[in-house]
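Enquirer: Numbering of the sequence shown is given in my numbering, commencing with residue 6 and proceeding in unit increments. Pasting a structure here, questions to come.
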Amino acid sequence: MKIIKQINLVIFIILCSIGYAQTNYYLSSSMGSDSNKGHKSKPWKSLEKISKQKLKPGDTVFFKTGDTFKGHFVVNGSGNLNQPIVITSYDSGDKPILTGQLDKEQGGDFREAIYVNNNEHIVFEDLEIQNNRLKPRLEYNNAHSFGIYIHNSSNKVMHNFIFRRMTFRNVYSLVYVDPSNQNAFNQFEVAAIRFFSDWDKAHIDNVLVEDCYFTDLQRFGIHIKHAQGKKGKDHRHTNLIFRRNEFSKIGGTCILPSRTRNCLIEYNIFDQPGAKTNDRMIGRGSAVWNYYSVNTVIQYNQCIGIRGILDSHGIHVDHHNKDTVVQYNYMEDCEGGFVEILGDNERATYRFNISKNDGWRQNPNWKNSNHTIWLNNKINGKGGHESNNSFIYNNTIILDRKDYPFQTAIDINALNTRIFNNIFYAVNGSGIGTKQMILKDSLSAVKNNFFLGEISKRFMDRDDHKLLGKPSSGSVNENDVNDLPNTINSGTPYIGEFAHPRFPVEASFVFSSVEETPTKDFFNQPIDENYSPNIGANNSKNGALYFEGVGVHVLNPIASGLIILGGVEDTYDYKLLDILGKVKQEGRISKQHPNVAIAALKHGVYEMILERNSKKISIKLLIT
6 MKIIKQINLV IFIILCSIGY AQTNYYLSSS MGSDSNKGHK SKPWKSLEKI
56 SKQKLKPGDT VFFKTGDTFK GHFVVNGSGN LNQPIVITSY DSGDKPILTG
106 QLDKEQGGDF REAIYVNNNE HIVFEDLEIQ NNRLKPRLEY NNAHSFGIYI
156 HNSSNKVMHN FIFRRMTFRN VYSLVYVDPS NQNAFNQFEV AAIRFFSDWD
206 KAHIDNVLVE DCYFTDLQRF GIHIKHAQGK KGKDHRHTNL IFRRNEFSKI
256 GGTCILPSRT RNCLIEYNIF DQPGAKTNDR MIGRGSAVWN YYSVNTVIQY
306 NQCIGIRGIL DSHGIHVDHH NKDTVVQYNY MEDCEGGFVE ILGDNERATY
356 RFNISKNDGW RQNPNWKNSN HTIWLNNKIN GKGGHESNNS FIYNNTIILD
406 RKDYPFQTAI DINALNTRIF NNIFYAVNGS GIGTKQMILK DSLSAVKNNF
456 FLGEISKRFM DRDDHKLLGK PSSGSVNEND VNDLPNTINS GTPYIGEFAH
506 PRFPVEASFV FSSVEETPTK DFFNQPIDEN YSPNIGANNS KNGALYFEGV
556 GVHVLNPIAS GLIILGGVED TYDYKLLDIL GKVKQEGRIS KQHPNVAIAA
606 LKHGVYEMIL ERNSKKISIK LLIT
């Protein structure tokens with residue numbers, strides 16, 4: 006079954022890129038008329054007109070660039086595996102805008118701009134979707150607003166939805182909810198893209214969202230949800246990929262997989278989730294969290310500037326999940342903290358992540374509201390729901406906020422938690438676990454962690470094989486975290502109770518690029534099972550990162566202000582690309598000028614490419 010699904014989606018994606026248009030329909034709000042034929046030279050005008058047109062497999066709907074279309078586009082028809090329906094734009098210029106907004110005289114604003122109900126095999130490309138609801142519409146809940154709503158109210162599985170190069174912005178409902186009111190918060194449904202199945206109805210299968218941009222949203226970027234149903238059915242949406250998207254200033258969470266099976270979230274930029282740049286924003290949310298989901302991989306993302314009165318960690322694992330892996334991510338300035346694993350999870354793993362200055366929230370009503378590590382055993386306020394077999398290893402956790410130092414909590418109430426091979430680095434007045442430290446897990450294993458700076462003594466005492474360090478320079482500066490030689494080859498081997506938890510990659514084709522167990526670190530340095538691993542997220546055996554085939558190397562993989570290079574004997578052109586593959590800086594290095602100033606760059610993960618005589622070599626590094 007897995008092979009068939011993989012072949013089907015691959016065929017669907019290939020055919021989408023080739024194009025099999027049977028009938029083309031053109032719309033222009035500025036030049037069209039609904040009395041026209043819908044041809045390119047004589048386009049239709051309104052969303053009402055295209056909503057009445059029965060679409061068939063292979064049809065393509067084109068919206069004119071630069072135009073704004075107000076109203077409600079109901080996609081009327083399905084494609085098939087070989088001939089999807091494609092909804093896109095034509096001509097050059099700004100993406101066409103589709104919005105559910107209408108005047109009060111026209112009945113008020115729609116719940117969503119685009120509605121897909123019980124149809125499938127649809128591709129959305131090169132459009133901008135908005136839905137800022139300001140005027141109520143009788144048939145819709147004022148607390149709901151969506152950009153695109155994919156809705157299954159049938160007993161038939163809906164297959165194959167692709168979103169590429171889309172922009173989503175300005176999606177708001179007519180109401181505001183207090184983020185501290187948990188019940189109201191849970192019921193608040195506003196999202197740029199919503200996937201939803203009604204009670205006891207079939208699920209949605211095969212979703213790809215890539216190269217899209219999300220900004221100025223009241224709560225969610227993408228929300229996947231199933232209303233459950235009768236016992237004996239899985240009631241989970243399946244096979245979802247969210248890749249290379251950028252989320253900026255999102256009022257809540259960027260991606261929420263709720264009741265999913267086989268979900269991959271990778272290479273995304275999450276910039277300021279939980280924002281309050283608009284007073285109507287909810288102002289609370291981790292970048293990603295999952296709920297009642299099975300097989301979730303969240304990797305190669307960066308989460309920066311997260312805010313919120315509750316939760317609001319970089320990435321957190323909510324309730325009732327199985328096999329969640331959070332790996333190779335960078336998290337910085339996340340108000341809530343780094344690790345958050347709530348009740349009733351099985352095999353939640355945080356590994357090879359780097360966390361910097363996470364967990365500074367101050368809440369007078371909740372002493373331990375900010376955490377470096379938090380494993381909670383409560384659901385709806387009731388205890389007894391301990392998560393089991395959680396793994397927290399080979400992460401690098403840095404607290405170094407000179408201007409506003411802070412103290413974090415470590416709270417663990419769980420079963421069989423492994424915490425090993427991590428760097429805990431707290432300097433310049435900040436402290437890890439010094440605000441509160443509770444570890445209620447008689448079966449926990451804490452081993453071979455490296456501690457430098459102000460760390461809870463009670464937490465360190467739980468580690469019988471701890472390593473203590475101080476910066477080799479004798480004082481603390483921004484590059485000392487790169488100079489910790491006693492972390493090299495000092496980790497506990499991945500055997501016995503410290504063996505890598507195996508991830509079931511065979512469960513779905515979406516994990517074709519995911520490893521069953523890791524063979525590399527955060528910086529793509531190999532992990533050799535024949536040697537002891539390093540402590541922390543960098544497994545380089547001398548701390549530096551070498552460009553393949555030459556002697557050039559980066560001495561500070563975690564770089565601040567300046568990339569320091571060694572072994573530069575020739576002249577190279579260089580480029581710095583963010584994780585979306587966009588060039589953010591370029592220039593030249595030489596023996597006389599080997600280093601690269603990076604003060605103007607945003608913090609995050611970058612690829613550094615060197616080029617000489619048409620030969621390109623690259624490494625991954627972190628700018629903080």
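Where is the CB? At the ideal position from N, CA and C, for every residue including glycine.
If we ignore side chains and look at the alpha-carbon of each, how far apart do Glu-511 and Ile-568 end up?
Expert: Along the sequence shown, one-based indexing puts residue 511 at 506. Along the sequence shown, one-based indexing puts residue 568 at 563. Each residue's Cα considered, the two are about 40 angstroms apart.
Enquirer: Please go through the stretch 103–135 and give each complete beta strand (DSSP E) segment of 3 or more residues, from N-terminal end onward.
Expert: For the stretch 103–135, whole beta strand (DSSP E) runs of length 3 or above, ordered along the chain, are 117–122, 127–130.
Enquirer: Let's see if you can read the secondary structure: which residues bound the beta strand (DSSP E) around Met-442?
Expert: Here residue 442 refers to the residue found at position 437 of the sequence shown. Per DSSP, Met-442 belongs to the beta strand (DSSP E) from 428–445.
Enquirer: Measure the C-alpha to C-alpha separation of Leu-448 and Ile-397 and round it to an integer number of angstroms.
Expert: Along the sequence shown, one-based indexing puts residue 448 at 443. Along the sequence shown, one-based indexing puts residue 397 at 392. The alpha-carbon atoms of Leu-448 and Ile-397 are separated by roughly 15 angstroms.
Enquirer: Report buried or exposed for Asp-221, applying the criterion of at least 16 other Cβ atoms within 10 angstroms of its Cβ.
Expert: Stepping through the sequence shown from its first residue, residue 221 is reached at position 216. Burial call: buried.
Enquirer: Helix, strand or coil for Ala-644, going by three-state DSSP, please let me know.
Expert: Residue 644 lies beyond the stretch modelled for the chain, which goes from 6 to 629, so this question has no answer here.
Enquirer: Taking the CB atoms as reference points, tell me whether Lys-75 and Gln-106 lie closer together than 8 angstroms.
Expert: The residue you call residue 75 lines up with position 70 of the sequence shown. The residue you call residue 106 lines up with position 101 of the sequence shown. Yes, Cβ-Cβ distance for Lys-75 and Gln-106 is below 8 angstroms.
Enquirer: Going by C-alpha distance, which of Asp-583, Ala-604, Val-588, Val-573 is nearest Arg-617?
Expert: Residue 617 sits at position 612 when you count from the first residue of the sequence shown. Checking every option, the nearest Cα to that of Arg-617 belongs to Val-573.
Enquirer: By a C-beta neighbour count over all protein chains shown, 10 Å radius and 16 as the cutoff for buried, is Ile-500 buried or exposed?
Expert: For this step, residue 500 is matched to residue 495 along the sequence shown. That one is exposed.
Enquirer: Based on the DSSP output, what are the partners of Asp-276 in its beta bridges?
Expert: Your numbering for residue 276 matches position 271 in the sequence shown. For Asp-276, which the question treats as bridged, DSSP gives the partners Ser-253, Ile-309.
Enquirer: Under three-state DSSP, which class holds Phe-552?
Expert: For the purposes of this step, residue 552 is taken as the residue at position 547 of the sequence shown. Coil at Phe-552, not helix or strand.
Enquirer: Just the C-alpha distance for Asp-183 and Arg-312, rounded to the nearest angstrom, thanks.
Expert: Position 178 of the sequence shown, counted from the first residue, corresponds to residue 183. Position 307 of the sequence shown, counted from the first residue, corresponds to residue 312. Each residue's Cα considered, the two are about 14 angstroms apart.
Enquirer: Given a threshold of 16 other Cβ atoms within 10 Å of its Cβ, counted over all protein chains shown, does Asn-326 qualify as buried or as exposed?
Expert: The sequence position of residue 326 within the sequence shown is 321, counting from 1. Per the 10 Å Cβ criterion, buried.
Enquirer: Any chance you could list the beta strand (DSSP E) runs of at least 3 consecutive residues sitting entirely within the stretch 377–413, in chain order?
Expert: Complete beta strand (DSSP E) runs here, min 3: 396–398, 401–404.
Enquirer: If contacts are defined as beta-carbon pairs under 8 angstroms, then Arg-249 and Tyr-218 qualify, I think. What distance do you get, rounded to the angstrom?
Expert: The residue given as residue 249 occupies position 244 in the sequence shown. The residue given as residue 218 occupies position 213 in the sequence shown. Actually they do not touch by this definition, with Cβ atoms about 10 angstroms apart.
Enquirer: When you compare only the Cα positions, how much space is there between Ile-614 and Leu-86?
Expert: As a position in the sequence shown, residue 614 is number 609, starting the count at 1. As a position in the sequence shown, residue 86 is number 81, starting the count at 1. Cα to Cα, the separation comes out at about 39 angstroms.
Enquirer: Put Pro-184 into one of helix, strand or coil per three-state DSSP.
Expert: By 1-based counting over the sequence shown, the position of residue 184 is 179. Of the three classes helix, strand and coil, the one that applies to Pro-184 here is coil, per DSSP.
Enquirer: Exposed or buried, Arg-224, counting other C-beta atoms within 10 Å across all chains shown (16 or more means buried)?
Expert: Residue mapping note: residue 224 aligns to position 219 of the sequence shown, counting from 1. Arg-224 is buried by the Cβ-count criterion.
Enquirer: Between the Cα of Ile-340 and those of Gly-388, Asn-295, Leu-404, Asp-485, spot the shortest distance and give me the residue it belongs to.
Expert: As a first step, residue 340 is located in the sequence shown; it is residue number 335 there, counting from the start. In the sequence under discussion, the amino acid at residue 340 is Glu, which differs from the Ile named in the question. Ranking the options by Cα distance to Glu-340, first place goes to Leu-404.
Enquirer: For the beta strand (DSSP E) containing Arg-352, name the first residue and the last one.
Expert: For the purposes of this step, residue 352 is identified with residue 347 of the sequence shown, where counting begins at 1. Where Arg-352 is concerned, the enclosing beta strand (DSSP E) stretches over 351–356.
Enquirer: On the premise that Asn-529 lies in contact with Lys-625, defined as a C-beta separation below 8 angstroms, what is that separation, rounded to the nearest angstrom?
Expert: Reading the sequence shown from its first residue, position 620 is the one you call residue 625. Reading the sequence shown from its first residue, position 524 is the one you call residue 529. That belief holds up - the Cβ atoms of Lys-625 and Asn-529 are roughly 5 angstroms apart, short of 8 angstroms.
Enquirer: Looking at the unbroken alpha helix (DSSP H) that takes in Glu-53, where does it start and where does it end?
Expert: For the purposes of this step, residue 53 is identified with residue 48 of the sequence shown, where counting begins at 1. Unbroken alpha helix (DSSP H) run through Glu-53: 52–57.
Enquirer: In the DSSP assignment, what are the bridge partners of Asp-210?
Expert: In the sequence shown, residue 210 corresponds to position 205, counting from 1. Answer is His-164, Thr-243, bridged to Asp-210.
Enquirer: How would you call Gln-307, buried or exposed, if buried means at least 16 neighbouring beta carbons within 10 angstroms?
Expert: Working through the sequence shown from its first residue, we reach residue 307 at position 302. By the 10 Å Cβ count, Gln-307 comes out buried.
Enquirer: Output the boundary residues of the alpha helix (DSSP H) element that contains Phe-464.
Expert: Residue numbering aside, residue 464 sits at position 459 when the sequence shown is read from its first letter. Looking at the DSSP string, the run of the alpha helix (DSSP H) that includes Phe-464 is 462–466.
Enquirer: So what's Asp-485 in DSSP terms, helix, strand or just coil?
Expert: By one-based count along the sequence shown, residue 485 stands at place 480. DSSP places Asp-485 in helix when its eight states are reduced to three.
Enquirer: Strictly by DSSP, which residues pair up with Trp-294?
Expert: On the sequence shown, residue 294 is found 289 positions in, with the first residue counted as 1. Paired residues: His-321.
Enquirer: Along the beta strand (DSSP E) that carries Met-336, what are the first and last residues, could you check?
Expert: The residue given as residue 336 occupies position 331 in the sequence shown. Met-336 -> beta strand (DSSP E) spans 335–337.
Enquirer: Between the Cα of Tyr-95 and those of Ala-189, Phe-168, Thr-65, spot the shortest distance and give me the residue it belongs to.
Expert: By one-based count along the sequence shown, residue 95 stands at place 90. Checked all of Ala-189, Phe-168, Thr-65; the closest Cα to Tyr-95 is Thr-65.
Enquirer: Can you check which of these residues, Asp-485, Lys-475, Val-486, Lys-440, is closest to Phe-2 by C-alpha distance?
Expert: Only positions 6 to 629 of the chain appear in the structure, and residue 2 is not among them; the question remains open.
Enquirer: Where Leu-420 and Asn-350 are concerned, what is the direct C-alpha to C-alpha distance, given to the nearest angstrom?
Expert: Reading the sequence shown from its first residue, position 415 is the one you call residue 420. Reading the sequence shown from its first residue, position 345 is the one you call residue 350. Taking the straight line joining both Cα atoms gives about 10 angstroms.
Enquirer: Which stretch, first to last residue, makes up the beta strand (DSSP E) that contains Arg-264?
Expert: Along the sequence shown, one-based indexing puts residue 264 at 259. Per DSSP, Arg-264 belongs to no beta strand (DSSP E) and is neither H nor E.
Enquirer: On the criterion of 16 or more Cβ atoms from any shown chain inside 10 Å, does Gln-412 qualify as buried, or is it exposed?
Expert: Here the question's residue 412 lines up with position 407 in the sequence shown. Label assigned to Gln-412: buried.
Enquirer: Return the first residue and the last residue of the beta strand (DSSP E) that Ala-450 is part of.
Expert: Along the sequence shown, one-based indexing puts residue 450 at 445. Run containing Ala-450: 450–452, per the beta strand (DSSP E) assignment.
Enquirer: From this set, Phe-173, Gly-586, Lys-109, Lys-361, which residue's C-alpha is nearest Pro-410's C-alpha?
Expert: Here the question's residue 410 lines up with position 405 in the sequence shown. Comparing Cα positions, the closest option is Lys-361.
Enquirer: Out of curiosity, what's the CA-to-CA distance linking Lys-621 and Lys-580?
Expert: Residue mapping note: residue 621 aligns to position 616 of the sequence shown, counting from 1. Residue mapping note: residue 580 aligns to position 575 of the sequence shown, counting from 1. Looking at the two C-alpha atoms, the distance is approximately 10 angstroms.
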